[in-house]
Every structure is written in structure tokens, then in C-alpha cells.
Amino acid sequence: MIRYALTRLALLLLGLFVASALIFLTLRVLPGDVAQLIAGIDAGPAQVAAIRERLGLGEPLAVQYLSWIGGVFRGDLGQSLLTGAPVAGQLAEKAQVTIPLGLMAMTVALLIALPFGVLSAVRRGRPDGTALSVGAQAVAAVPVVWAGMMLVLVFAVWLGWLPAQGFPRAGWSDPASAIRALLLPAITIGVVEGAMLMRFVRSATLQATGEDFVRTAAAKGLTRTQALIRHGLPTVGLSIITVLGLQVAGIIVGAVVIEQLFSLPGIGRMLVEDVGKRDLLKVQGELLALTGFVLVVGFAVDLVHRLIDPRQREAE
Amino acid sequence: MLRRTTVAAALLAAGALLLSACSGGSAPDASPTAVTPDPDAVVTVRLVSEPSNLDIRETAGAALDQILIDNVYQGLVSRTPDQKIEPELASDYKISSDGLTYTFTLRDGVTFHDGSPLTVDDVVWSLEQVKSTASYSDSDRLARVQSIVANGKDVVLTLSQPDSSLLWNLTGRAGLVLKKDDTTDRKTKANGTGPYKLTSWKQGDSITFDRNDAFWGDKAKVKEVVFSYIPDNQAALNGALAHELDVVTGFDANLKDQIEANGDFTLVLGKSTDKGTLAMNSTKAPLSDKRVRQAIRQAIDHNAIVKALGAGQTLYGPIPELDPGYADLSSTAPFDPAAAKKLLADAGVSDLTLTLTIPSFYGTTVSQILVSNLNDVGITLKVKAVEFPTWLNDVYINKNYDLSFVLHTEARDFENWANPNYYFTYNNPEVQKLYQQSLSATDEQTSADLLKQAAKIVADDQAADWLYNGASIVAVGTNVSGFPSVNVNERINLAELAKSKG
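Keeping their order, the protein sequence lines are chains A and R.
Numbering of the first sequence is given in my numbering, commencing with residue 28 and proceeding in unit increments.
Numbering of the second sequence is given in my numbering, commencing with residue 6 and proceeding in unit increments.
In C-alpha cells form, the structure reads like this:
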């Protein structure tokens with residue numbers, strides 16, 4: 028187990044290193060630079076050159092990369108070229124929106140996917156089971172943006188129960204308002220992701236129903252449903268954990284879209300705006316942090332999987 | 006001297022602006038209803054594009070001018086809603102008859118937001134800094150100023166030659182008065198003399214102004230103004246309908262019915278200097294042929310564009326109605342597809358394919374009409390929608406384009422047509438000469454007449470096409486008054502803003 032964990036950790040570090048080089052290089056290929064954007068379309072070459080020099084953009088790429096990565100090793104993700112604010116601080120501030128949003132979205136997704144997924148598998152072939160799985164297909168195909176707009180129309184504009192956009196300026200010192208502000212966005216992501224997840228739950232459950240140990244349990248006197256719940260669902264749980272790990276990336280992408288739609292000051296919206304402003308020092312720090320987060324979640328999922336699945340432990 | 010054209014400003018805004026545009030009258034005071042002001046009111050205003058930092062000295066873009074000038078930072082002079090010039094930090098000013106000496110008398114009792122009193126030294130220092138620092142935007146607008154000296158309570162500017170644009174330039178960034186040797190971090194904070202103090206900037210979300218209770222003039226009528234940055238038009242509409250916003254700028258005119266339906270908002274149209282500019286690269290064949298450029302202009306149905314945008318008016322030359330030197334130049338390229346075809350045939354051009362480079366935030370309304378109009382005369386138009394930084398790189402810097410669309414928002418920016426190095430690629434020495442003469446003129450009328458002549462030549466040369474003159478479109482809550490309506494992409498002066506209870 029420890030050897031497995033160490034190998035996996037080495038892979039994680041290698042992944043991060045490759046990611047950092049890719050992020051750094053691809054950003055340098057983007058056309059247009061921050062100095063010209065700061066100067067605007069009035070500035071002559073002299074003004075742009077003066078700004079570029081002040082920002083230290085003239086250094087060779089290798090030097091820029093090494094000084095960035097050197098900082099990362101010392102725990103410094105870098106500073107914004109435009110405001111001088113540390114990237115880590117900005118990420119921490121915006122994470123107060125995005126992380127709760129992601130957690131709430133995932134909760135919504137699980138609340139939908141688990142009961143309905145199992146139910147639609149158990150009721151397979153009957154009208155209600157078919158209706159459930161067809162419904163899930165339909166909802167999963169709904170674009171997140173459209174789902175969000177409909178929810179806003181009903182719950183914010185018509186009923187006036189929840190805010191249509193924005194996050195309270197007081198932030199989490201006003202928890203009720205903060206949660207209310209995140210509710211619609213979280214439901215929007217959660218419903219669509221949940222419908223997708225539900226199909227995984229359904230097929231995992233179906234697979235479990237057919238497993239030898241479930242059939243054996245049924246043969247020994249349990250009802251099919253009892254056998255499924257007692258012996259089948261643990262294996263379903265395993266596949267769900269794996270899929271959830273993969274969905275972290277999906278939820279981050281969803282947050283990018285949803286934060287625009289609901290004008291939430293989160294990481295996704297910040298990232299899009301920083302790319303548009305060509306604040307490359309900030310963007311590379313943000314992307315590395317996000318990539319690192321996804322890789323670490325994957326690492327954790329693998330370890331958890333290993334720990335709780337006896338079959339994998341024995342294979343060692 | 007390079008003139009800046011603050012496209013950067015409109016940026017993301019443009020999606021909205023494009024779908025908008027105007028025809029409205031120019032009542033300086035937007036909101037029609039009289040209200041009993043609530044001195045403790047908080048007014049939330051939707052803006053489209055957030056500045057990348059708050060450094061008004063160095064960072065270009067009307068997103069800064071729009072909110073910071075007049076409200077937070079002030080100059081010796083300022084502009085009124087109908088684009089006239091009036092004293093601000095100067096209580097008075099005099100211009101010598103030869104146009105070479107400007108004497109400003111400093112107002113008494115003005116303090117900065119940090120409490121320190123404004124002195125003539127601050128003024129001299131501020132102007133000197135702008136003039137001598139190349140990386141500051143608008144530094145070159147003080148090019149004709151030879152010396153800036155304090156004389157008692159006066160500040161005297163001596164010019165090397167007359168400059169009819171100087172006072173106007175002093176109403177903008179070049180003229181802002183900051184505290185001498187201030188250590189405030191201008192990128193994230195501000196220390197000005199205006200009726201509002203900048204109290205917070207939550208990046209990616211909002212900027213908040215509070216009333217400056219120590220202001221030298223009439224105090225602001227509201228306690229707090231929150232600028233909420235919402236790029237998405239639908240989110241802005243939802244926010245307004247859910248009563249989270251009091252004012253929505255950059256409103257999409259095509260959503261008029263939706264916002265007016267519940268009676269809580271009025272849509273106010275104001276004139277603007279937004280010029281939807283279709284630049285044509287005249288250094289490349291066949292666009293180097295004037296007949297081809299004219300054919301393109303005559304193939305375009307400008308009225309259809311204005312109609313599709315839902316507001317605005319047509320424009321057939323480089324100067325909009327709000328600026329000096331305007332004339333109706335529609336005769337230079339009337340809509341006539343048959344004439345366009347003939348011009349193309351005369352020029353020996355057939356099977357022409359052109360590429361339009363357009364920043365993607367402008368949406369597709371205009372490019373769709375262009376594709377269809379040009380197709381009608383046998384030109385295939387390919388649309389290349391790009392990110393704004395890409396546009397800057399390809400079109401603005403490298404001049405690597407056939408046709409380009411950008412909404413130029415800045416007032417009085419004729420200078421770009423007199424600059425052969427600008428991305429317009431327009432080089433006519435006669436226009437350049439007329440422009441210099443208009444700068445050197447010592448009375449306004451002469452200066453405007455010279456600009457008018459120059460603008461006529463630019464349009465006659467078919468240097469570019471002007472697809473429309475946009476409108477400032479603002480949805481104002483019925484309990485809000487005094488929100489400006491004219492050219493709000495450039496300035497939002499909040500001096501008269503008030504909100505009633507409830």
C-alpha cells in the first residue's frame with residue numbers, strides 16, 4: 028500500500044511539472060500582450076515599450092519560467108501584473124465562492140443521482156423505471172446555461188424567492204444571503220451533473236445485480252432488493268467515487284460558465300477575465316492551482332479506492 | 006500626436022452596445038420622474054466592463070474615465086452633459102488672445118480625500134508628471150504645452166503654438182489633479198478631490214463609492230453608489246427585474262419591452278460618440294482602389310443596421326453629431342447595390358473574397374448584415390471573430406487585415422484620420438494639414454470648420470465606412486433621478502444622482 032501511494036505521489040508530482048510547463052508555454056502562444064492592453068489603442072510604440080519594460084516582460088522565456096517555478100516551490104504562486112496582488116490571496120478570496128458552489132452542486136447531484144439511479148435500475152423494464160431513465164437522458168442533454176436561465180426566470184424573476192445574480196458584498200459574514208446567492212447556481216450545475224451521474228449509478232447498479240455474489244446472496248434466501256442493498260451497493264459506491272473524482276473537473280468547467288451567468292465573483296469568472304486581460308502571471312498561477320487541485324483529488328480517489336476495495340488490496 | 010480611441014473601453018460592453026444604439030434626444034438629465042431624495046440611499050448601477058486596474062495614469066480604457074473622472078478625480082476644467090467646457094478645480098480661467106497663455110485660478114477650500122488641502126503645487130506637479138512620463142496615457146496631449154508654472158493662486162500654462170484641443174484634453178486624463186508625491190497605490194485605491202470617495206474594489210465584482218462629506222461643492226445626494234460589473238446582458242436584465250439593480254447601462258435596446266413591462270424602469274436613450282467603424286486596409290489590393298472601397302460602402306444598408314440594433318442613428322463620416330465638425334455626409338456613399346456592382350466592374354474586380362476581423366464581444370448582428378449585403382454585390386465576406394487581444398495584435402499593431410470592425414467610443418478623436426501610422430492606414434497629407442490648422446486655430450468656429458472640411462475629404466476618399474452612431478442606452482429605476490444619459494461609455498457624472506425611498 029505504501030509503495031503504491033509513493034508511486035502514485037511521484038506520478039502526481041511529474042504530472043504537475045508537465046502541467047506547469049504546458050501552461051507556461053501555451054499561454055505564451057496567445058496573441059496580444061498585456062502591455063498593449065494596458066496602453067490601449069491610442070498608445071504609440073514608445074509608450075508600450077516603456078510599460079513592457081516596467082513589467083519585466085523583456086526577460087527570456089526560460090528565465091521567466093524558472094523564476095515562476097522557483098517561486099511556486101517556495102509556496103508563492105506569483106503576483107498579478109496588473110494590480111500587484113498575490114495570486115494565492117486572490118484564489119483564496121474567490122474560492123470562498125467557488126468551493127461552496129462546487130460542494131453544493133455535488134450534493135445536489137448526489138441527492139438526485141443516488142436514489143433515482145438505484146431506483147431506475149431496480150425498476151428496470153417497468154414504466155416508472157423507464158420514465159426515470161429517459162428523463163435523466165433528457166435532463167443530461169440540457170445545456171447548463173439554458174437550465175440556469177429557466178431556474179432564474181422561475182425562482183428569481185417570477186417567484187422572487189432567490190437572487191437572480193451576484194454574491195452579497197458582505198460575503199460569508201452574512202451566511203444566509205451567501206447560501207441563497209449560491210442556491211440557484213448550485214442547483215443548475217447539480218441537476219445537469221446529477222442527471223449524468225444518475226446514468227452511471229444506474230448502470231453500476233445493474234451490473235451489481237448481475238454479479239455472482241449478489242445472485243448467491245439471493246439464492247441463500249435474501250430478496251433480490253435486500254441482496255442488492257447489502258452486497259451490491261458497496262461496489263456501486265466504489266464506481267461512484269471514481270466518477271465523482273472525474274466530475275470535479277466537470278464541476279470546475281461548469282463553474283466557469285455558471286459564474287458568468289450569475290455574475291458570481293468566483294475562480295471561474297476571474298480566470299476568464301484574466302485571460303482576456305492577458306495577465307499571464309496571474310493566469311498561470313491560477314491554472315496551476317486548479318490543475319493541482321484536480322490531480323490531488325484524483326490521487327486521493329485512487330488511494331481511497333485502494334483502501335476500501337478488498338479486491339484491489341489482495342491483488343497487490 | 007497619437008489620439009486615443011477608447012475601444013478598450015467598450016470591450017465586453019459592446020455586445021450590449023451593438024445590440025443597442027440610439028436615436029434619442031439628448032436631455033442631460035436622464036430620469037424623468039421628480040423624486041424626494043433619500044440622503045441615505047444606496048444606488049446600484051450595472052456596468053459592463055470592469056477595469057483591469059484603477060491606475061488612471063497608465064491603464065487605458067474608458068472603464069476608468071467613465072466612473073473615476075469628475076466623481077473621484079477632478080481636473081481644472083470639466084465637461085458638461087452637452088459637451089461644453091466649464092471650470093471645476095479652477096474657479097476661473099483666461100486664455101490670451103494669441104491662444105498661447107492659459108491662466109487658471111485655483112478654487113479655495115478644496116481638499117483631497119485624505120484631508121490634505123489642494124495647492125497650486127499639486128496642480129503643477131500633476132500636469133508636469135503627465136507631460137514628462139512617456140508611459141502615461143495622454144502624455145502627448147500636452148505636447149504643445151511649453152511650461153507649467155505657479156503664480157500665487159494661479160497656474161499658468163504657456164504653449165509653443167496654439168492648441169484648440171487643449172481645454173478639452175484638460176477635461177480628461179491629461180488634466181486630472183492628483184496629490185503631489187502621493188503614496189496611495191493608484192492601482193487599487195484613489196485619492197482625489199471629487200464628490201465621491203472610492204471606498205472599495207472587490208475585483209471581479211464591484212466598485213463602491215461613498216459620499217465625500219468634505220467635498221468643496223454641493224454634496225452628493227446619495228450615500229453610496231455601487232458599480233456592479235455584469236458582462237452578461239441577460240443576468241443584468243434578471244438583476245433589474247429582481248430589483249437588485251437601480252440602473253442598467255449598456256442595455257440591449259431589443260429587450261426594451263421586457264424591462265419596461267413592470268413599470269419600475271424607464272429606458273433612456275442618449276446621444277453618444279460611439280462610432281461603429283468598418284476600417285478598410287487601403288494598403289492591400291484591391292482595397293487600395295477607391296472604387297472598391299466605395300462599392301463596399303454603397304453595398305451596405307446602414308438603415309437596416311440601425312434598425313437591427315434597435316437604437317442609434319446612421320453615420321457616414323468620421324465625426325459624430327456630438328463633436329465639433331459634424332456634417333451629414335450621407336451623399337458620399339448612398340445605399341445603392343447596383344452602383345456598387347458597377348464600381349466593382351469598373352475596377353475590374355470579380356470573385357472578391359474579403360475577411361472581416363471583429364472582436365467577438367460585438368456579437369453577430371452587424372457581421373451578419375455585412376455578409377448578406379456584400380454577398381448581394383458579389384463579394385464573399387468571411388467573418389473572423391477574435392478575442393480583443395488578438396485583434397490588437399493582428400489589426401492594430403500588425404495592420405494585417407482586410408476589413409475590421411470596432412466601436413470607437415471616444416469623443417473628438419478625428420486625430421486618427423490625420424495619423425498615417427494608425428491602423429486605419431489612411432494617409433492624406435491634405436487632411437493632416439487641415440487637422441493641424443484646426444488645432445492651431447484660436448477660435449472654436451474656425452477650428453470646427455477646418456475639421457468639417459477634413460472630415461468631408463476622409464469620407465470622399467472612402468477611407469472607411471461608418472456603420473452607425475451608437476446610442477447610450479440606460480434603464481433607470483423610476484425612483485432614481487439625475488443619472489446621466491449622454492455618452493455614458495465615456496463619463497458617468499454622479500453629481501445629480503438621487504434616489505427616493507421605497
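Backbone N, C-alpha and C fix where the C-beta goes; we use that ideal spot for every residue, glycine too.
Just so we're clear, the structure is a prediction, and the values are computed from it rather than from any experiment.
Quick one: is R/Asn492 near chain A, going by C-beta distance under 9 angstroms?
no
Under 9 angstroms between C-beta atoms, does A/Pro292 make it to chain R?
yes
Identify each residue in the region 159-192 of chain R for which the Cβ-Cβ distance to at least one residue of chain A is less than 8 angstroms, and report them in chain order.
Asp190, Lys192
Should the region 157-168 of chain A be regarded as contacting the region 217-228 of chain A, the criterion being three or more beta carbon pairs within less than 8 angstroms?
Touching, yes, given that three or more Cβ pairs across the two stretches are closer than 8 angstroms.
Please report how far the alpha carbon of R/Pro167 lies from the alpha carbon of R/Val485, in whole angstroms.
43 angstroms
So which residues on chain A does R/Glu91 lean against when the C-beta distance must stay under 9 angstroms?
Chain A residues near R/Glu91: none, gap ~25 angstroms exceeds 9 angstroms.
Whose C-beta lies closer than 6 angstroms to the C-beta of R/Leu334 among residues of the same chain, with five residues either side of it excluded?
If we look at R/Leu334 and ignore the five residues flanking it on each side, its Cβ neighbours are Tyr321, Gly322, Ala464.
Scan the region 43-77 of chain A for residues whose Cβ lies nearer than 8 angstroms to a Cβ of chain R and list them as they occur along the chain.
Leu57, Pro58, Gly59, Asp60, Gln63, Leu64, Ile65, Ala66, Gly67, Ile68, Asp69, Ala70, Gly71, Ala73, Gln74, Ala77
Whose C-beta lies closer than 7 angstroms to the C-beta of A/Ser266 among residues of the same chain, with five residues either side of it excluded?
The answer, listed in chain order, is Phe227, Ala231.
Listed from N- to C-terminal order along the chain, which residues in the region 385-417 of chain R have their beta-carbon within a distance smaller than 9 angstroms of any beta-carbon of chain A?
Val391, Glu392, Phe393, Pro394, Thr395, Trp396, Leu397, Asn398, Asp399, Tyr401, Ile402, Val411, His413, Glu415
Mind listing which residues of the region 239-252 of chain R have their C-beta closer than 7 angstroms to chain A's C-betas, in chain order?
Gln239, Ala240, Asn243, Gly244, Leu246, Ala247, Glu249
Look up R/Arg84 in the DSSP assignment and say whether it is helix, strand or coil.
Here R/Arg84 sits in strand by DSSP.
In angstroms, rounded to a whole number, what distance separates the CA positions of R/Ala503 and A/Leu41?
59 angstroms
By how many angstroms is the C-alpha of R/Pro434 removed from the C-alpha of R/Gly177?
Using only the alpha carbons, I get a separation of about 28 angstroms.
I think R/Ile478 touches R/Ala258, with their Cβ atoms under 8 angstroms apart; what is that distance to the nearest whole Å?
5 angstroms
Under 9 angstroms, do R/Asp509 and R/His413 count as touching if we go by C-beta distance?
Here chain R comprises residues numbered 6 to 507, so residue 509 of chain R is not present and cannot be evaluated.
Drop a sphere of 10 angstroms on the beta-carbon of R/Val182, count the other beta-carbons inside from all chains shown, and report buried for 16 or more, exposed for fewer.
With 16 or more other Cβ atoms inside 10 Å of its own Cβ, R/Val182 counts as buried.
With 9 angstroms set as the bound, which would you pick, yes or no: does the beta-carbon of A/Arg81 sit closer than that to a beta-carbon of chain R?
yes
So is R/Glu449 buried or exposed if we call it buried at 16+ other beta carbons inside 10 Å?
So R/Glu449 ends up on the exposed side.
Mind listing which residues of the region 339-364 of chain R have their C-beta closer than 9 angstroms to chain A's C-betas, in chain order?
none
Compare the Cα-Cα distances from A/Gly272 to each of A/Thr34, A/Arg101, A/Gly129, A/Trp173 and report the closest residue.
A/Gly129
Within this structure, are the beta carbons of A/Ala62 and A/Leu84 separated by less than 9 angstroms?
Yes, they are a contact pair.
How is the beta strand (DSSP E) around A/Met223 delimited, first residue to last?
Per DSSP, A/Met223 lies in no beta strand (DSSP E); the unbroken alpha helix (DSSP H) holding it starts and ends at 202-237.
Could you tell me the distance, in whole angstroms, from the CA atom of R/Ile90 to the CA atom of A/Lys121?
43 angstroms
Below 8 angstroms on the Cβ atoms is my guess for R/Leu349 versus R/Val297; work out the distance and round it to an integer in Å.
7 angstroms
Using DSSP's beta-bridge definition, name the partner residues of R/Asn156.
R/Asp159
Under 9 angstroms, Cβ to Cβ, is there at least one residue of chain A near R/Leu17?
Note on R/Leu17: pLDDT 33, under 50, position unreliable in the model; the coordinate value appears next. True, the Cβ-Cβ gap to chain A drops below 9 angstroms.
Is it buried or exposed for A/Met28, if we count other Cβ within 10 angstroms and need 16 for buried?
Residue environment for A/Met28: exposed (fewer than 16 other C-beta atoms within 10 angstroms of its C-beta).
Would a C-beta distance cut-off of 9 angstroms place R/Pro200 and R/Leu499 closer than the cut-off?
The criterion of a C-beta distance shorter than 9 angstroms is satisfied by R/Pro200 and R/Leu499.
Which residues in chain R have a C-beta closer than 9 angstroms to the C-beta of A/Pro154? List them in chain order.
Ordered by position in chain R, no residue passes the 9 angstroms Cβ test against A/Pro154, which lies about 38 angstroms from the chain.
To the nearest whole angstrom, what separates the beta carbons of A/Leu211 and A/Leu180, a pair I think is in contact under 8 angstroms?
The Cβ separation is near 11 angstroms, so there is no contact.
R/Ser490 to R/Ala469, Cα distance in whole Å?
If you draw a straight line from the Cα of R/Ser490 to the Cα of R/Ala469, it comes to about 29 angstroms.
If you measure from the beta carbon of R/Asp279 to each beta carbon in chain A, is any gap under 9 angstroms?
no
Compare the C-alpha of A/Val218 against each of A/Ala77, A/Ala254, A/Leu109, A/Ala132 and name the closest.
A/Ala132
Of all the CB atoms in chain R, is at least one closer than 9 angstroms to the CB of A/Phe289?
yes
Please give the ranges of any beta strand (DSSP E) in the region 166-202 of chain R, keeping only runs that are unbroken, at least 3 residues long and fully inside the region.
none
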